[in-house]
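Residue numbers (my numbering): 60 to 685.
Ideal Cβ placement from N, Cα and C applies to all residues, glycine included.
Treat the numbers as computed from the prediction; the structure is a model and nothing was measured.
First the structure, in the form of structure tokens, and then the observations on it.
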Amino acid sequence: MHLFAPTDAPAAPAQRDRADIPAPFKWNLTHIFADWQAWQAGYEELDAKIGEFAALQGTLVGGSPAAGRSHGPSHLLAALKLRDDIGQLEYKVAYFASLWYDQDQRDNQINAKQQQVQILFAKDAQASAWFGPELLTVPLEQVRAWMAESPELAVYRFALEELYRQQEHVLDDKGEQLLSLASRFENTPNDAYSALSTADAQFPTVRLSDGAAVTLTYGQYRAILSTNRNQEDRAAAFLAFHRLYEANVNTYASLYNGVMQRDWFVAQARGYRSTLDMALHGNNIPPAVVENLIETTKQGVEPLRRYHRLRKRVLGLSSYHVYDTTIPLVDFDRTYPYEDVLEWLPASVAPLGADYQRQVRASLAGEWIDVYENPGKRSGAYSAPVYGVHPYMLLNYNDTLDAVFTLAHEMGHSMHTLLSHQHQPFVYAGYTIFVAEVASTLNEALFLDFMLSRTTDQRERIVLLQHLIDGIAATFYTQVMFADYELQAHRLVEEGQPVTAAGLGEIYFSLLKAYHGDSLDYDEASRATWSRIPHFFSTPYYVYQYATCFASSAQLIKQLTIGSDADRSAAIERYLTLLKAGGNDHPMTLLQRAGVDLSRPETVRAVVDQLDLLVSRLEREIEAIS
Ligand SMILES: [Zn+2]
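Encoded structure:
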């Protein structure tokens, strides 16, 4: 999903009844189960296997030491294989219900089946809770000796060693019990945040210059900022929307303090040096990656400022504010029928080689994609990795340029899934978010290159360049600024400083200025912007990954498209190896093998250089039409 990417104006949806949409434009869920009866049989099989797994408790370490030595590896292997069987079946059972539900969320019967799945998953979590603690009573050296004896067990080496690595910060029984008791209120600040910012929010109404009164939900707010050509309307929407947050800003500060105090409490209890260290430990990312990302980006803000100065000039504004940063530079109302995209998308991935291209074609033709909107269908877009079947994609394709890029994006995820599932054993078939958005961003970038090279329409070229530049501004610069904010705010807590609404507002406001300099006119209301970013409350230290993925994909694109034939085919090979690797190693290691080192300033600077070139190109294009 494009979490922060600017959106085009949603076209008026011409919704058809699902039954009237021809089969090639709908996903075919019979590839998972023939019907609900077959699903029910799968569900029962899963239930039985979960019971079998629970019964294995005690088998890893049971018996005398001598017996342990001889039976240990076979028992461990049996448990791991059963775990894999359960996991594979879970994919099918869960996705059949959830994909079916997303076709039409008004269907209560399917909703009930989904809940049935949730209940079974909870049962599985309980039935398998013994495994980690029991295994960890066996010394790692012993497990390594078992793996040396058994090639089948050695397949699980990375997964098993990860369990031991994660163990470094696990406490004794008493400590863990205390932490698990405390975990019951861990989610309270974020739950309260959700309630305050959505369920209990009294969305304001603004009157626009054409006389229309609009209730500012988040969707409406974004639509005004990205489509309304009247600056006063955008300003009114911005101020009214921020007033909603300003009205409760002390409460938001208190909730955010709750989030950060929790993070610091757990970090100290588990023996981490900082909250950042704790957040990065799971994926084994060195904190220097985040520090390098922030430092290098801060030194590379000039192209971003140049872009905003250009926008101010082109839009003919005498002052230029945050609420002027997403409106399109030119009017453009071309539509992109899905049939055209079916030809373009495979053509755009030619730089990735014939086999990748063939698989993209196959996935477009295979009834894997639910293309159009219909009443009751889930909004947005996603790629669902159904192990043992194939990825499915949900779209709400509405012929806009944004919809085209969404398809290119989701296709990137699907190809990653496909290649990973083809080449990895089940245990490594999944991949982390740290690499996931590389595949999707790279596909989008290739698609944009393709569109830029084929268009003869100057306005379309400007729209495409703006799309690319806005993507860099939103997915890279804004996310780095957010990461910078999270780090500074958490450091207040770690250093025992007070956390107040004024203090948090000042951090955010200073950062906005540090990144945008004199290219923006500032509004005091921006001091409250931090309080409307849900990721800060729900998933601290998450957003920097959008920026690292973006930088990685920029670096890869460079390697894939520049240099000799031999260099490029080596780069294709490295990139495909990354996609085929799934989650079989730490994400930094996987990226390094693909030729991307995120701890180096050059990697981050590649995005800055790319933006610099794009802004120059946009300047030339605009000059040419004016
Ligand atoms: Zn994505």
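- By the Cβ test, the stretch 243-251 is not in contact with the stretch 508-519, since fewer than three Cβ pairs between them sit closer than 8 angstroms.
- Cβ-Cβ distances below 8 angstroms link LEU179 to TYR102, LEU105, ASP106, ILE109, VAL152 in the same chain, with the five nearest sequence neighbours on each side left out; the list follows chain order.
- Beta-bridge annotation (DSSP): MET452 is paired with ILE428, SER442.
- Between SER378 and ASP166, the gap from beta carbon to beta carbon reaches 8 angstroms or more.
- Residue pairing from DSSP places VAL265 in a beta bridge opposite VAL273.
- Between the stretch 270-289 and the stretch 218-234, the count of Cβ pairs shorter than 8 angstroms is below three; the stretches do not touch.
- One thing to note: VAL494 has its Cβ within 8 angstroms of the Cβ of LEU649.
- By the Cβ-count criterion, ASN289 is exposed, with fewer than 16 other Cβ atoms from all chains shown falling within 10 Å of its own Cβ.
- Between LEU369 and ASP383, the gap from beta carbon to beta carbon reaches 8 angstroms or more.
- Close CB contacts of LEU524 within its chain, under the 7 angstroms cut and outside five residues either way in sequence, are with LEU673, ARG676, LEU677, GLU680 (chain order).
- Contact check between the stretch 580-598 and the stretch 621-639: fewer than three CB pairs, one atom from each, fall below 8 angstroms, which does not count as touching.
- Pairwise C-beta distances place the stretch 567-575 out of contact with the stretch 597-610, as fewer than three of them are shorter than 8 angstroms.
- No Cβ-Cβ contact shorter than 8 angstroms links PHE217 with ASN502.
- Judged by pairs of C-beta atoms under 8 angstroms, the stretch 77-97 touches the stretch 424-435, as three or more such pairs exist.
- For THR394, the closest alpha carbon among the candidates TYR415, THR459, VAL445 is that of THR459.
- About 29 angstroms separates the beta carbons of ALA584 and VAL666, which is beyond the 8 angstroms limit, so they are not a contact pair.
- In this structure LEU423 does not touch LEU454 by the C-beta definition: roughly 12 angstroms separates them, more than the 8 angstroms allowed.
- With 16 or more other CB atoms across the displayed protein chains lying within 10 angstroms of its CB, LEU507 is buried.
- Spanning the alpha carbons of LEU194 and SER333 requires a straight line of approximately 29 angstroms.
- The continuous alpha helix (DSSP H) containing PRO646 extends over residues 646-652.
- Cβ contact annotation for ALA113 (same chain, cutoff 6 angstroms, sequence separation greater than five): ALA186, in chain order.
- If you check the C-beta of GLU361 against ligand 1, you find no heavy atom less than 7 angstroms away.
- Around the Cβ of PRO132, a 10 Å sphere holds 16 or more other Cβ atoms; the residue is buried.
- A direct Cα-Cα distance of roughly 43 angstroms separates ALA467 from ALA207.
- The Cβ-Cβ distance between LEU238 and ALA312 does not fall below 8 angstroms.
- Only residues of its own chain outside the window of five on either side were considered, and among them GLN604 have a CB closer than 6 angstroms to the CB of ILE492, listed in chain order.
- By alpha-carbon distance to GLN175, the top candidate from GLN162, THR89, TYR154 is TYR154.
- Taking 8 angstroms as the cut-off, the Cβ atoms of ASN307 and SER658 do not count as close.
- Here SER623 is exposed. Its C-beta has fewer than 16 other C-beta atoms within 10 Å.
- Membership of PRO387 in any alpha helix (DSSP H) is not indicated, and neither H nor E is assigned to it by DSSP.
- In its chain, beyond the 5 residues on either side, ASN307, THR310 have a beta carbon closer than 7 angstroms to the beta carbon of LEU255.
- Between the alpha carbons of ALA100 and ALA156 lies a distance of about 13 angstroms.
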